[in-house]
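Visitor: In UniProt numbering, the protein residues as written are 1 to 399.
In this text, a Cβ means the ideal position worked out from N, Cα and C, and glycines have one as well.
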């Protein structure tokens with residue numbers, strides 16, 4: 001890809017594979033599959049906050065209502081006994097909060113060999129607007145003919161309109177429904193920590209198991225796995241049909257959209273989710289432009305072998321070809337090496353994607369580069385990616 005480059009995951013053993021297939025009612029059980037600016041998604045205030053407090057005799061008192069918003073639980077005050085009882089969020093409470101915003105998506109596979117029900121597949125989606133807008137995975141919607149959304153109440157609606165971006169694996173679909181309950185997404189750029197508890201919801205294996213929940217922890221952050229963008233790793237079980245479902249924190253806020261997992265004998269509990277800030281960026285583009293306007297430096301880049309296999313490295317990214325007129329005008333030449341974009345260090349192609357995520361074609365960025373042996377700063381006007389992996393489609397589902 002011009003200016004951004006696709007970082008392809010390589011496996012250490014041939015039997016290890018990444019799987020993104022959706023659930024299907026004929027699936028064999030040994031196949032593990034998964035079918036910034038102002039935020040477009042409803043967001044929560046976040047886990048860090050300051051409170052107005054009163055100190056009385058070396059004890060600090062804060063408003064319990066404010067504390068509840070951060071802690072995520074709920075408390076009640078008994079005026080007779082003058083006591084306050086607080087109940088933190090537990091998994092049943094989280095599931096109860098999030099489940100009304102989780103839908104199932106079902107349809108006949110694009111490559112179905114006949115009209116039998118053996119070729120039905122399904123995935124999961126998350127409501128983002130009350131008037132029927134739902135986010136899911138691109139590989140879910142692109143694999144289905146005439147997809148239908150089934151709500152938690154069991155009502156079904158045909159998908160009337162959709163957009164899909166294969167590069168991020170995010171799709172936005174529309175159904176003609178009102179008064180749906182949007183999920184609450186975590187605030188932009190949240191601070192996630194390895195070890196935090198999470199819950200995954202979706203429709204695993206069989207359509208009869210709609211809105212199943214599994215729990216676990218965040219196993220890793222900023223993972224570069226078969227994606228142009230960084231992913232969240234979790235050990236919460238992600239099973240066939242979970243694609244497009246939410247990964248939520250212990251406040252019931254969506255921190256990511258489940259997308260894939262490692263599948264192999266001897267490998268367990270290695271699932272991955274697309275972070276909420278990437279989801280928000282893609283959805284924002286769909287609403288504004290009906291497609292993803294992906295910014296590009298206008299050059300082809302090559303990362304080091306160490307970066308490619310995931311090893312720590314200080315070897316910079318090299319320019320292998322200058323494509324756009326803007327990049328040539330900026331004085332970028334083949335053989336230059338790239339250290340930073342707008343002051344943000346980049347050592348891998350995924351770093352480049354992340355650094356450009358908040359920019360649009362036509363905007364200008366400063367590149368810190370080494371050119372002809374000299375460390376220089378070059379200003380370049382971003383172009384639109386020449387070969388964006390984008391399905392620019394807003395279509396009637398019946399067509």
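Using only the alpha-carbon positions, how far apart do residue 322 and residue 311 sit?
Guide: Counted from its first residue, the chain shown places residue 322 at position 322. Counted from its first residue, the chain shown places residue 311 at position 311. If I take the Cα positions, the gap works out to 27 Å.
Visitor: In chain order, what residues of the same chain have a beta carbon less than 8 Å from the beta carbon of residue 400, not counting five sequence neighbours either side?
Guide: Past the edges of the chain, shown from 1 to 399, lies residue 400, and the structure says nothing about it.
Visitor: Just how far apart, CA to CA, sit residue 290 and residue 131?
Guide: Numbered from its first residue, the chain shown carries residue 290 at position 290. Numbered from its first residue, the chain shown carries residue 131 at position 131. For residue 290 and residue 131, the distance between alpha carbons rounds to 17 Å.
Visitor: Hey, residue 333 and residue 303: beta-carbon distance below 9 Å or not?
Guide: If you number the chain shown from 1, residue 333 lands on position 333. If you number the chain shown from 1, residue 303 lands on position 303. Contact: no.
Visitor: Give, in chain order, every unbroken run of the beta strand (DSSP E) that is at least 3 residues long and sits entirely within the segment 108–182.
Guide: Whole beta strand (DSSP E) segments, 3+ residues: 120–129, 133–136, 144–150, 156–165, 170–175.
Visitor: Please confirm whether residue 242 and residue 203 have their CB atoms less than 9 Å apart.
Guide: Along the chain shown, one-based indexing puts residue 242 at 242. Along the chain shown, one-based indexing puts residue 203 at 203. Yes, Cβ-Cβ distance for residue 242 and residue 203 is below 9 Å.
Visitor: Could you compute how far the alpha carbon of residue 35 sits from the alpha carbon of residue 210?
Guide: If you number the chain shown from 1, residue 35 lands on position 35. If you number the chain shown from 1, residue 210 lands on position 210. Interpretation of residue 35 is limited by its pLDDT of 43, a score under 50 that renders its predicted location unreliable; the figure taken from the coordinates is listed afterwards. Distance between the alpha carbons of residue 35 and residue 210: 14 Å.
Visitor: Under the rule that 16 or more other beta-carbon atoms within 10 Å means buried, what is residue 92, buried or exposed?
Guide: Along the chain shown, read from residue 1 onward, the residue named residue 92 stands at position 92. Label assigned to residue 92: exposed.
Visitor: In whole angstroms, what separates the C-alpha of residue 139 from that of residue 173?
Guide: Taking the first residue of the chain shown as position 1, residue 139 is located at position 139. Taking the first residue of the chain shown as position 1, residue 173 is located at position 173. Distance between the alpha carbons of residue 139 and residue 173 is about 13 Å.
Visitor: Please state whether DSSP places residue 401 in a helix, a strand or coil.
Guide: Here the chain covers residues 1 to 399 and nothing more, so residue 401 does not appear.
Visitor: Check the Cβ-Cβ distances between residue 160 and every residue of chain D, and say whether any is below 9 Å.
Guide: No chain D is part of this structure, which consists of one protein chain only.
Visitor: Could you give the residue range of the alpha helix (DSSP H) that holds residue 280?
Guide: Numbered from 1 along the chain shown, position 280 holds the residue referred to as residue 280. Unbroken alpha helix (DSSP H) run through residue 280: 276–289.
Visitor: Can you check DSSP and say which residues form a bridge with residue 223?
Guide: Counted from its first residue, the chain shown places residue 223 at position 223. DSSP lists 231 as partners of residue 223.
Visitor: Near residue 79, which residues of its chain fall below 6 Å by C-beta distance, leaving aside the five closest residues on each side in sequence?
Guide: As a position in the chain shown, residue 79 is number 79, starting the count at 1. Counting only Cβ-Cβ distances below 6 Å, and skipping sequence neighbours, we find nothing.
Visitor: Where do the N-terminal and C-terminal ends of the alpha helix (DSSP H) with residue 404 fall, by residue?
Guide: Since the displayed the chain opens at 1 and closes at 399, residue 404 lies outside it and no answer follows.
Visitor: Report yes if the C-beta distance between residue 195 and residue 231 is below 9 Å; otherwise report no.
Guide: Within the chain shown, numbered from 1, the residue matching residue 195 stands at position 195. Within the chain shown, numbered from 1, the residue matching residue 231 stands at position 231. In this structure, residue 231 does not lie closer than 9 Å to residue 195 by Cβ.
Visitor: With 16 as the cutoff for other CB atoms within 10 Å, does residue 29 come out buried or exposed?
Guide: As a working note, residue 29 is residue 29 in the chain shown. Note that residue 29 scores 28 on pLDDT, short of 50, meaning its location in the model is unreliable and no value can be drawn from it.
Visitor: What does a CB cutoff of less than 7 Å around residue 336 pick up in its chain, not counting 5 residues either side in sequence?
Guide: Here residue 336 corresponds to residue number 336 of the chain shown, with the count starting at 1. Correct list, in chain order: 319, 369, 370, 371.
Visitor: Hey, would you say residue 126 sits closer than 9 Å to residue 254, going by beta carbons?
Guide: Position 126 of the chain shown, counted from the start, is the residue given in the question as residue 126. Position 254 of the chain shown, counted from the start, is the residue given in the question as residue 254. In this structure, residue 254 lies closer than 9 Å to residue 126 by Cβ.
Visitor: I believe residue 177 touches residue 199 by the beta-carbon criterion, under 8 Å. Please report the beta-carbon distance rounded to the nearest angstrom.
Guide: The sequence position of residue 177 within the chain shown is 177, counting from 1. The sequence position of residue 199 within the chain shown is 199, counting from 1. Actually they are not in contact, since the Cβ atoms of residue 177 and residue 199 sit about 25 Å apart, beyond 8 Å.
Visitor: Since I believe residue 246 is in contact with residue 183 (beta carbons under 8 Å), could you give me their beta-carbon distance rounded to a whole number of angstroms?
Guide: For this step, residue 183 is matched to residue 183 along the chain shown. For this step, residue 246 is matched to residue 246 along the chain shown. Confirmed, Cβ separation roughly 6 Å.
Visitor: At which residues does the alpha helix (DSSP H) containing residue 377 begin and terminate?
Guide: Your numbering for residue 377 matches position 377 in the chain shown. From DSSP, residue 377 is part of no alpha helix (DSSP H) but of the beta strand (DSSP E) over 374–381.
Visitor: When the Cα atoms are used, what is the spatial distance from residue 228 to residue 275?
Guide: Reading the chain shown from its first residue, position 228 is the one you call residue 228. Reading the chain shown from its first residue, position 275 is the one you call residue 275. Computed Cα separation, rounded: 12 Å.
Visitor: Which stretch, first to last residue, makes up the alpha helix (DSSP H) that contains residue 351?
Guide: What you label residue 351 is simply residue 351 of the chain shown in a count that begins at 1. Where residue 351 is concerned, the enclosing alpha helix (DSSP H) stretches over 349–356.
Visitor: Under the three-state reduction of DSSP, which class applies to residue 309: helix, strand or coil?
Guide: On the chain shown, residue 309 is found 309 positions in, with the first residue counted as 1. Reduced to three states, the DSSP call for residue 309 is helix.
Visitor: Using a threshold of 9 Å, state whether the C-beta atoms of residue 168 and residue 76 are closer than that.
Guide: As a position in the chain shown, residue 168 is number 168, starting the count at 1. As a position in the chain shown, residue 76 is number 76, starting the count at 1. Cβ distance not < 9 Å, so residue 168 and residue 76 don't count as in contact.
Visitor: Taking residue 327 and residue 298 to be in contact with their CB atoms under 8 Å, please state how far apart those CB atoms are, rounded to whole angstroms.
Guide: By one-based count along the chain shown, residue 327 stands at place 327. By one-based count along the chain shown, residue 298 stands at place 298. Confirmed, Cβ separation roughly 3 Å.
Visitor: If we count the other Cβ atoms within 10 Å of its Cβ and call it buried at 16 or more, is residue 376 buried or exposed?
Guide: One-based indexing of the chain shown puts residue 376 at position 376. Counting Cβ neighbours within 10 Å, residue 376 comes out exposed, since fewer than 16 surround it.
Visitor: Using 10 angstroms around the beta-carbon of residue 305, count the other beta-carbons present and answer buried if the total reaches 16, otherwise exposed.
Guide: The residue given as residue 305 occupies position 305 in the chain shown. Looking at its Cβ environment, which holds fewer than 16 other Cβ atoms inside 10 Å, residue 305 is exposed.
Visitor: Residues in its own chain within less than 6 Å of residue 237 by CB, not counting five upstream and five downstream?
Guide: Translated into positions along the chain shown, residue 237 becomes position 237. Same-chain partners within the cutoff: 214.
Visitor: Check each candidate in 374, 234, 383, 330 and name the one with the smallest Cα separation from residue 356.
Guide: Along the chain shown, one-based indexing puts residue 356 at 356. For residue 356, the nearest C-alpha among the options comes from 383.
Visitor: Can you tell which of 307, 273, 361, 287 has its C-alpha closest to the C-alpha of residue 293?
Guide: Start at 1 with the first residue of the chain shown, and residue 293 comes out as number 293. Nearest option by C-alpha distance: 361.
Visitor: I'd like to know whether the C-beta atoms of residue 98 and residue 197 end up nearer to each other than 9 Å.
Guide: Within the chain shown, numbered from 1, the residue matching residue 98 stands at position 98. Within the chain shown, numbered from 1, the residue matching residue 197 stands at position 197. Not a contact, by the Cβ cut-off of 9 Å.
Visitor: Ignore the nearest five residues each way along the sequence and tell me which others in residue 378's own chain have a CB closer than 7 Å to its CB.
Guide: Along the chain shown, one-based indexing puts residue 378 at 378. Cβ neighbours of residue 378 beyond the five flanking positions: 330, 331, 332, 367, 369.
Visitor: So, for residue 342: in the same chain, excluding its five sequence neighbours on each side, which residues have a beta-carbon less than 6 Å away from its beta-carbon?
Guide: As a first step, residue 342 is located in the chain shown; it is residue number 342 there, counting from the start. Closer than 6 Å at Cβ, skipping near neighbours: 365, 366.
Visitor: Would you identify the three-state DSSP class for residue 59, choosing helix, strand or coil?
Guide: Sequence index remark: in the chain shown, residue 59 carries index 59 (1-based). Residue 59: strand per DSSP, three-state reduction.
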